[in-house]
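Student: Mapped onto numbering that gives the first Met the number 0, the consecutive letters of the sequence shown carry residue numbers 0 to 264. Just so it is clear, CB atoms sit at the ideal spot from N, CA and C, and this is done for glycine as well. Right, I'll just put the structure down here and ask away after.
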Amino acid sequence: MRTLSKVRWSDLRPDDFLLRQGECPIVYLPIGLCEPHGHAAALGLDTLKADYYCEEAAERFGGIVAPTQGYHIHECGFHKPWLDEVVGGTNPLLAGMPPQVVCYHFLYQLRAFANAGFHAVIVVSGHAGGSQKDLRRVAQAFTGSTGIPVVVKTDPEWGGYEGDHAGAYEISQLQAIHPEAVDLSLLGRMTEEDSGGRLALGLDAAEASPEKGMEINETIITAIGAMTEDLGGGTPIKEPVNYQQAEKIWSEVLSQGEWWSIGLK
Ligand SMILES: [Zn+2]
C-alpha cells in the first residue's frame with residue numbers, strides 16, 4: 000500500500016479539493032524534464048526537485064499541486080551545442096520538446112487552472128537556462144486576458160542562487176530530497192567514446208552534500224511561501240476561458256514575433 004498526497008490535484012476527492020481550494024485558491028505547477036545529470040544522479044533531477052518544492056509549499060502554506068509537467072524545452076537553440084559539448088554522441092535519454100509545443104501546452108494548462116477555480120498560479124521550474132522566459136511570455140499574455148496572476152520562476156530564481164547543472168548546487172538539492180537518487184561513488188565514472196565524457200556532470204559535483212542541499216531547498220520553499228502570501232486571494236475569472244479565448248491569447252503571443260529564447264533554427 001502507498002500513501003496518497005493531501006495536496007495533489009490528482010490525489011484529492013472533489014470535496015477535499017474544493018475545501019483546500021477554498022482555504023487557499025493557489026495552484027502550483029511543477030515543471031521539469033529528464034536529462035542527463037552525470038552517472039551519479041537520477042535523470043529526472045529537475046522534475047524531482049520541482050515536485051518537492053511545490054508539495055512542500057502546498058503543505059506548509061496552502062494550495063494544490065497540479066499534475067507535473069515532466070517535459071521541457073530542449074535540443075534546439077542554445078541547448079543543442081550544450082548537449083554536443085557535455086554529452087556528445089551518447090544517447091542523452093532526454094524528454095525534450097521544442098518551445099512552441101511546450102508553450103502552447105502551457106497556455107492550456109493555465110486555462111485549466113483558471114477554469115478549475117484557482118485565482119493565482121505559481122510555476123516552479125526545476126530546469127533553468129533561459130527557456131523560462133518563453134513560459135513567462137505566455138504567462139503575461141494569459142494574465143493580460145484573464146486577470147489571473149501567474150508567477151514563473153526556476154528554482155535558482157526563487158532562492159537567489161546562481162544554480163548549476165549537476166554540480167554542487169543541484170546534486171546537493173537532490174541528496175537532501177531523495178538520497179537514494181544519488182550515488183556519489185559514480186562521480187568518477189566516465190562515458191567513453193565521446194566528448195565531455197561526464198554525461199553533463201558539473202565539475203564541482205564532489206562538493207555536494209545533503210546539508211548544503213537542505214539549506215538551498217529551505218531557502219527556495221520559504222521564498223515560494225512569501226509569494227503565496229503576496230498573491231493573497233489572487234483574482235478569480237468572471238467566466239470560464241473557452242477555447243476561442245485561449246486561441247486569441249496564443250495568436251497574441253505569436254504576434255510578438257521571433258521571441259523564443261532559443262531561436263528555432
Ligand atoms: Zn538539472
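Pull up the DSSP beta-bridge partners for residue 221, would you.
Tutor: BP columns for residue 221 are empty, so no partner.
Student: Using C-beta distances below 7 Å, list every residue in its chain close to residue 248, excluding the 5 sequence neighbours before and after it, in chain order.
Tutor: Excluding positions up to five away in sequence, the list reads 106, 140, 141 and 144.
Student: What do you get for residue 12, buried or exposed, if any count of 16 or more other CB atoms within 10 angstroms of its CB means buried?
Tutor: Residue 12 comes out exposed.
Student: Under 8 Å: do the region 154-162 and the region 213-224 share three or more Cβ pairs, one atom per stretch?
Tutor: yes
Student: How would the residue list near ligand 1 read, in chain order, if you kept each one whose beta-carbon is closer than 7 Å to any heavy atom?
Tutor: 34, 36, 44, 45, 125, 126, 164, 165 and 169
Student: Going by alpha carbons, who is nearest to residue 85 out of 94, 164, 215 and 231?
Tutor: Scanning 94, 164, 215 and 231 for the CA closest to the CA of residue 85 turns up 164.
Student: Distance, Cα to Cα, residue 96 vs residue 134?
Tutor: Distance between the alpha carbons of residue 96 and residue 134 is about 13 Å.
Student: What did DSSP end up calling residue 95 once you bin it into helix, strand or coil?
Tutor: strand
Student: Per the DSSP calculation, residue 40 is bridged to which residue(s)?
Tutor: 181
Student: Are at least three pairs of beta-carbons, each pair with one atom in the region 62-76 and one in the region 118-131, less than 8 Å apart?
Tutor: Contact holds: three or more Cβ-Cβ distances are below 8 Å.
Student: Would the beta-carbon of residue 47 fall within 8 Å of that of residue 41?
Tutor: yes
Student: Only counting runs of 4 or more residues, tell me where the alpha helix (DSSP H) segments fall wholly within the region 70-132, in order along the chain.
Tutor: 78-85 and 98-114
Student: With distance defined between alpha-carbon atoms, name the residue in 209, 136, 115 and 186 nearest to residue 241.
Tutor: 115
Student: Alpha carbon to alpha carbon, how far is residue 175 from residue 211? Give it in angstroms, no decimals.
Tutor: Going by the C-alpha atoms only, they are around 8 Å apart.
Student: Use the C-beta contact count for residue 233: other C-beta atoms within 10 angstroms, 16 or more gives buried, fewer gives exposed.
Tutor: Around the beta carbon of residue 233, 16 or more other beta carbons sit within 10 angstroms, so the residue counts as buried.
Student: Give the straight-line distance between the Cα atoms of residue 194 and residue 202, rounded to the nearest whole angstrom.
Tutor: Model confidence at residue 194 stands at a pLDDT of 49, short of 50, so the residue's coordinates are unreliable; what they give is reported in the following sentence. Spanning the two alpha carbons is a distance of roughly 15 Å.
Student: Return yes when the Cβ of residue 3 is within less than 8 Å of the Cβ of residue 10, no when it is not.
Tutor: yes
Student: If we require 4 or more residues per run, which alpha helix (DSSP H) segments fall completely within the region 16-70?
Tutor: 44-60
Student: If we define contact as Cβ-Cβ less than 8 Å, is residue 218 a contact residue for chain B?
Tutor: Of the protein chains in the structure, only one exists, and it is not chain B.
Student: Enumerate in chain order the residues of its own chain whose CB-to-CB distance from residue 124 is below 6 Å, with the five nearest sequence positions on each side excluded.
Tutor: 30, 131 and 153
Student: List the residues that DSSP assigns as beta-bridge partners of residue 151.
Tutor: 122
Student: To which residues of the same chain is residue 182 closer than 6 Å at the C-beta, ignoring the five residues directly before and after it?
Tutor: 39
Student: Using the beta-carbon count (16 or more within 10 Å), is residue 100 buried or exposed?
Tutor: Residue 100 is classed as exposed because its beta carbon has fewer than 16 other beta carbons within 10 Å across all chains shown.
Student: In the DSSP output, which residue or residues are listed as bridge partners for residue 7?
Tutor: 64
Student: If you measure between the beta carbons of residue 235 and residue 118, is that distance less than 8 Å?
Tutor: yes
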